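Chains as they are written, first to last, in our numbering: chain A, 4 to 1030; chain B, 77 to 323.
To start, the structure itself, in structure tokens.
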Amino acid sequence: MKKNLYSFVLLFVVSISSAQEIIKIEGKELFGDLKARQIGPALMSGRVSDIEGHPSNSRTIYIGTAGGGVWRSQDGGVIFNSIFDEHCQSIGAVAVDPNDPDNSLWVGTGEVWTRNSVSIGDGIYKTNDGGKNWQKMGLEKTERISAIEIHPKDKNTVYVGAMGALWGDNEDRGVFKTSDGGKTWTKVLYLNAFTGCSDLVMDPTNPEILYASFWEYRRTAWSFNSGGLNSSLHKSIDGGKTWVKIHTGFPKGVLGRIAVTVAPSNPSILYAVVEAEKDTEKGLYRSDDAGVTWKHLNGDFGLTVRPFYFSRIVVDPKDPNTVVKAGLSGSISHDGGKTFKGLGMMHSDIHDIWFDVKDSDKMFVATDGGLYRSLNGGTTMEIIENLPICMFYHVSVDNQTPYNIYGGLQDNGSWFGPSASPGGIEARDWESIGYGDGFRVYPHPTNPKIMYSEMQGAEGVWRYDSEKKQVKTVKPFPVTGDPKYRFNWNAAITTSQHQPDRLYIGSQFLHKSDDMGNNWKKMSPDLTTNNPTKQQQVQSGGLSADNSGAENHCTIFTIAESPLDENIIWIGTDDGNVQLTKDAGKTWTNLTMNIKGLPVNTWCYHIEASSFDKATAYAVFDGHTKNDKNAYVYKTMDNGLTWKSIVTADITSFARNIQEDYKNPNLLFLGTELGLFITIDGGLSWSKFTNGVPAAAVHYIELHPKTNDLILGTHGRGIIIIDDISPLRELNAEVLAKPLYFFPSKTYEMDETSTFGGASSETQFIGSNPSSSAQIKYYLSKRHTFGKMSLDIYDSNDKWITTISPGKQKGINIVEWGCNSMAPKVAAGKTIAGSAMFSPRVPAGKYKVVITKGSEKFESSLELKYPTNTVFTSEERKLQEATTKVLYDMTEELAYLVYEMDEYILHSEKVMKENASLKKQALKLNTDLNALKDVLVVTKGDNYVGAGEPQLREKIGDLYSTIGSYYGGPSVSQLETMKMLQDKLADGKKKFQLIKDAQIGKYKVATEKVGITYVTLKSFEEFVKKN
Amino acid sequence: MKKITLLTAFIGFAICSFAQSADEIVSKYFENIGGLDKINAIVSVQMKAKVDYGGMSIPIDMVNLKDGKMMMKINFQGKEITQMAFDGETSWSTNFMTMKAEKDDSENTENIKRAASDFISPFVNYKDKGYTVELLPNETIEGVECFKIKLTKKTILSEEKEIPNIEYYYFDKENYVPIVVEQEIPSGEMKGQISQTLYSDYQEVDGLMFAFSMTQKLKDGQGQTIVFESIALNNKFENSIFKFPGE
């Protein structure tokens, strides 16, 4: 354990072996300011697997999610924050330690709602400080943890229900117990390698009494089985030492999944939901004698539906007869389980329910579409709008500015939304473009109004015109002589880089349309293994038939047309085939046997055809549905004749997707079940990227060809974007050895769009926008900690423009410059002149960047340009810049004028106090200066509704910021106003000069005569100096 | 010259660093920045700083006294505005709408009173103050491998409840100075999020090393930096600069 932690924080090492050219990088010491932004969205949220609350403080609520980690609310469920980003994001159970409920929390990873797309866990974690620091406490191989029960008087005694592996046999399942706070574990109840503990509850009044349900279950890529002779319910009354089966009253024969719970207010009352052979025996059972006997109460649909997905039953903490059952819609009973009614309208697929500890009318409900709360006992529900935990299967982008992002979600349809939006990326920015479960969504390559989407098993494949709001089903259907088409649950669709109207879709055949899906041609034979034993989905489900299409198998899963040659197409299938055509489908070669070291029939999840070389491709295989959690990533450079593994021990879980950079062939991005990995040496070594990318399952990666943004479609944390990864292209041993290296900067197009926007409420999630500033990017080989460090911008004439705070961390630093120079010095008044705070934008052109580190200087340059898409002429821009400069200077001239007057005013006040003989003279001067000042700046009122009438400072400031912030030329009216203000300023100066001529000469002589130190004024240059 | 001596000392410590306790790390930190005796002899710190914000360079004058009194004043458009002050009893600030002094709420004032003994560093005499330290596994932050120390101080008030007051200090393993301090935001809409303060540009003042640059930010967010232009020790100040001006 400790060893792992230490290796995690190893000192930054750049070890270069001339033979292997490995560039070993530690992500936390390199990526620095290269940070990801999570843009959600949260409007359709994602699957919540578990809810847990503080035992006495109802403001604190935790949720565990299917793929988005653990979130905490401390305000009664209004705002949630993620507290588990660095660890496995698939959560089975969350438990608050009743011995220290403010600080101690346990999290068992591995979701227990075992649908086809469920992720896996990697053990149990504990925090003693409310989630700021986590420690892994073992049970790594349990894969999914169904429950954690903590002894209410002894924090070191904890029981864990472990369901174990879904996709194969393993012995790390059953009930585990620790008596030393998780240092060591004992398996206190174990049945066999294919039956796990699916529910575990402790008697709330006696921690020695435990109930544990066991479930025999198994998934393969093509089938699911729930039930077996080993499924059973057990009870211990001695803290897990001994167990007895408690089935009196239960159905005989084979059982499936069993949910069990104890009424908190009466521990003799138990409820169990049992999956059984006969429909008449399925459903809710109740025991009134602590499990000695059971009575069947209810077999309604809501109680029996899909036990593998909905086996949770919850009792009101105050009322043993109010029972809520998870299900398709969720059901509630107020008569002890005799009858049920549905919960209020919300997203379907309910997984857990939590009653407020103080008020049972208030409840939270976990669904496939996020977390809901009710204030009236479940009758009406409202969604929590700040949980960006949606589960993308795929992501694609278009070529618009800003570009749009397209993707499909688990049980939440298909969507597209912008990568940037005024005020941030809000829920309302996303548009729905598909029903059901959404998967692959693509924009038409050249027509931004057309897009394609699909639903599960290609039951619907749509072409959508977003302008005309018209949708057409474009799914291919069999023709004479064809067998039934087999489409994957997540059917492969893609567009072509060569023919804009082309669309490919994979069943067991590859289909091609050259007219946007209107007409289709089969362009291959069956490219799968076509194994009939893997095509018996009608028998899938075990005790509860479950043929949803999720287990469709022997299908094409990935289609990769070469970006260099439309005749070259690579195909990967879910049953492990890799096929290649180099003649647009006339002939196909099965390359599978050429991939050495790859277990047979390992799901080919993604093929990436190289954009550097026609013969080069990468293939990613995912074996987890065969209980193989290794990563398989291969590269071929000879059309698939030979393949080389580019996996290293750095990669800690199975992988699904790879993205090749467009400029540097050694820069690759790998999407794994535990986050994003990056290599800069072609796969000789990998580094985990953690700056804003949680350890979530990255299902798909896209690299935007124009912006160089890396877009991740995660299955649990929505869309995550790393803006502009181009600095990574530059990294090599030479760069990494330099004390400071400026990355080449692109010419920045200055942003002239309005700052209007933003209509979300305070409790809604808003995805952050990319930076609109110019960016200065550099690499520091060592963190700057001692001595001064600064960053200055100069224009092409070496005139100083501004100073910016530099980044000082070791690794990549990104410093933002809003392209502004310094704001003018503003006249002092009674109030703040808001409009005069404006700092003018610099003109387009070349600028010098100078970083000073102690006595060392490092220089680079930066070029700014005006937007390409603009209505302003260069003459208008020149006039705007010149006029802004005039008003800037006027602001400072007025500031200096008022400064001079203030100095005399202050002096005269002092003289009046200290020298009676000069009082009259000083008073006259003071009065005349204050009278003049009254028309130059506001001298009365406040900064809100008690503000004084605007004076010259405010009027110049208003015009200055108005003209300065609009990049077209000023209007004639504005220039006329400026002329008027110039006259007023000149008049002010003249009046001050008159006062000086008439009074100040004499005043100086008089004050000096009596020994009073006279006013010392700064020069104008000194007064306005800014650096 | 003196600075070079101190830096040499840092390197010396780096070489002989091995498994250490939190207490040893804190001791070395004090030793490396100039010694606890010198720190204990300080009665006031005055810092003149500037913040660059939206093209404006805003001068700041900060004064902290050993007894907990403090004052932070900015100069904005020629006006001096006390942005935050504590006179030993009352914590107050200036309302920007009215430009008048207003008292902080009682909870915040109480929390400031409780932090009064954290002059220069909360680690000074931390045991006597009832604070505890715990060494957590090393972490890399700002690209640097650091000792991570959990400092548990006296509880603070949040939403009318006593809550733990915990700060996480990241001491650069090479030289034992803190480069980052993290704290969970205890109240308000941001409650539960992590704030970070980054320290750099350490320079010597009367034989003691002070960070001349401080950046405050949300973890993974953009920061705002304060650059200190001068730090003066043991100047004397009139009580009036801290005093709440009255109702």
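Here a beta-carbon is modelled for each residue, glycine too, at the ideal position from N, C-alpha and C.
Quantities reported herein were computed from a predicted structural model and do not represent experimental measurements.
Minimum Cβ-Cβ distance from residue i to chain B less than 8 Å
{"i": "Glu-765(A)", "result": "yes"}
{"i": "Asp-961(A)", "result": "no"}
{"i": "Ala-1009(A)", "result": "no"}
{"i": "Ile-966(A)", "result": "no"}
{"i": "Ile-212(A)", "result": "no"}
{"i": "Val-829(A)", "result": "yes"}
{"i": "Asp-78(A)", "result": "yes"}
{"i": "Ile-807(A)", "result": "yes"}
{"i": "Asn-102(A)", "result": "no"}
Collapsed DSSP secondary structure at residue i in the structure displayed
{"i": "Ser-182(B)", "result": "helix"}
{"i": "Gly-43(A)", "result": "strand"}
{"i": "Lys-537(A)", "result": "helix"}
{"i": "Tyr-220(A)", "result": "strand"}
{"i": "Phe-995(A)", "result": "helix"}
{"i": "Asp-625(A)", "result": "strand"}
{"i": "Ser-842(A)", "result": "coil"}
{"i": "Met-983(A)", "result": "helix"}
{"i": "Pro-486(A)", "result": "coil"}
{"i": "Tyr-275(B)", "result": "strand"}
Chain A within 8 Å of residue i, Cβ atoms only
{"i": "Leu-212(B)", "result": "yes"}
{"i": "Thr-208(B)", "result": "no"}
{"i": "Gly-154(B)", "result": "yes"}
{"i": "Thr-216(B)", "result": "yes"}
{"i": "Gln-272(B)", "result": "no"}
{"i": "Gln-96(B)", "result": "no"}
{"i": "Asp-204(B)", "result": "no"}
{"i": "Phe-247(B)", "result": "no"}
{"i": "Phe-288(B)", "result": "yes"}
{"i": "Thr-301(B)", "result": "yes"}
Own chain, CB closer than 6 Å to residue i, minus 5 neighbours either side, in chain order
{"i": "Gln-500(A)", "result": "Pro-566"}
{"i": "Ser-510(A)", "result": "Tyr-488, Arg-489 and Phe-490"}
{"i": "Met-140(A)", "result": "Ile-127, Lys-129 and Gly-185"}
{"i": "Thr-185(B)", "result": "Ser-167"}
{"i": "Ser-729(A)", "result": "Asn-711"}
{"i": "Ser-216(A)", "result": "Ser-201, Asp-202, Leu-236, Ile-261 and Val-263"}
{"i": "Ile-263(B)", "result": "The sequence given here places Ser at residue 263(B); Ile does not occur at that position. The answer, listed in chain order, is Ser-234 and Glu-235."}
For residue i: DSSP bridge partner residues
{"i": "Glu-152(A)", "result": "Tyr-162(A)"}
{"i": "Asn-241(B)", "result": "Lys-229(B)"}
{"i": "Ala-215(A)", "result": "Leu-203(A) and His-237(A)"}
{"i": "Val-220(B)", "result": "Ile-217(B)"}
{"i": "Gln-582(A)", "result": "Ile-574(A) and Asn-593(A)"}
{"i": "Pro-421(A)", "result": "Asn-407(A)"}
{"i": "Cys-607(A)", "result": "Phe-624(A)"}
Close Cβ partners of residue i (< 8 Å) along its chain, the five nearest in sequence each way excluded
{"i": "Lys-741(A)", "result": "Tyr-782 and Ser-784"}
Same chain, Cβ closer than 7 Å to residue i, five either side skipped, listed in chain order
{"i": "Gly-544(A)", "result": "Phe-227, Ser-229 and Asn-550"}
{"i": "Lys-451(A)", "result": "Sequence check: residue 451(A) is Pro here, not Lys. Asp-401 and Gln-403, listed in sequence order."}
{"i": "Leu-300(A)", "result": "Leu-287, Tyr-288, Arg-289, Gly-340 and Lys-341"}
{"i": "Val-541(A)", "result": "Asn-550"}
Amino acids of chain E, ordered along the chain, whose beta-carbon sits closer than 9 Å to that of residue i
{"i": "Gln-778(A)", "result": "No chain E is part of this structure, whose protein chains are labelled A and B."}
Open item on the list: Runs of 3 residues minimum, wholly inside the stretch 512-578 of chain A: which ones carry the beta strand (DSSP E) assignment?
Closed with: 513-516, 559-564 and 572-576
- [ ] Enumerate, from N- to C-terminal direction, the unbroken beta strand (DSSP E) stretches of 3 or more residues contained entirely within the stretch 280-313 of chain B.
- [x] 284-294 and 299-309
- [ ] May I have a chain-ordered list of the alpha helix (DSSP H) segments no shorter than 4 residues that lie completely inside the stretch 861-919 of chain A?
- [x] 877-917
TODO: Let me know the beta strand (DSSP E) ranges lying completely inside the stretch 109-141 of chain A, each 3 residues or longer, listed in chain order.
DONE: 127-130
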